[in-house]
Amino acid sequence: MSLILFVLHDPELLDDLLAAWQDAGVSGATVLFSIGMGRIRPREGLRDDIPLMPSVEDFYPDPEHLSRTIFTLVDDETIVDKVITATERVVGDLNQPDRGLLMVLPVSRFYGLRKYSQPN
1 MSLILFVLHD PELLDDLLAA WQDAGVSGAT VLFSIGMGRI RPREGLRDDI
51 PLMPSVEDFY PDPEHLSRTI FTLVDDETIV DKVITATERV VGDLNQPDRG
101 LLMVLPVSRF YGLRKYSQPN
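So in this note's numbering, spot 111 of the sequence shown is number 111, and the numbers just go up one at a time.
Structural data, given as structure tokens:
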């Protein structure tokens, strides 16, 4: 069992990426808004774009400009390879800057997930 985790830097590619993952054999994935430290740190200090009485939302970029972190569990190494290939087909060479970060991690146990074909 493997956890595939991908930080997508260009949110406009999300729909294409999810379709490519599904075609590669992924049956479900979770998508989260995310922002890296490198994008937060330059925003420190005095800013002229913050209102006089700011809310917490004023300190973060609009959600459509945030990265997306997508993760899924797969139990077949061939699907892992297909997902990596599909990801690079959508976003380009992952070794180039601003494409995203992809990780594959081993999972020894997981709870709370059942296959769609299983009855309640």
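Each residue gets a CB set at the ideal place from its N, CA and C atoms; glycine is no exception. Keep in mind it's a predicted model, so treat the numbers as computed, not measured.
Classification of residue i by the beta-carbon crowding that lies within 10 angstroms, buried from 16 upward
i      : result
SER67  : buried
LEU8   : buried
THR72  : buried
GLY38  : exposed
LEU105 : exposed
According to DSSP, residues forming a beta bridge with residue i
i      : result
VAL104 : ILE4
Residue i, enclosing beta strand (DSSP E) - first and last residue
i     : result
ILE70 : 67-74
LEU32 : 30-34
Taking 8 Å as the cut-off, does the stretch 9-22 touch the stretch 102-110 (at least 3 CB pairs, one atom from each stretch)? Counting Cβ pairs under 8 Å, fewer than three are found: no touch.
Touch check for the stretch 82-92 and the stretch 17-29: three-plus C-beta pairs under 8 Å? Yes, the stretch 82-92 touches the stretch 17-29.
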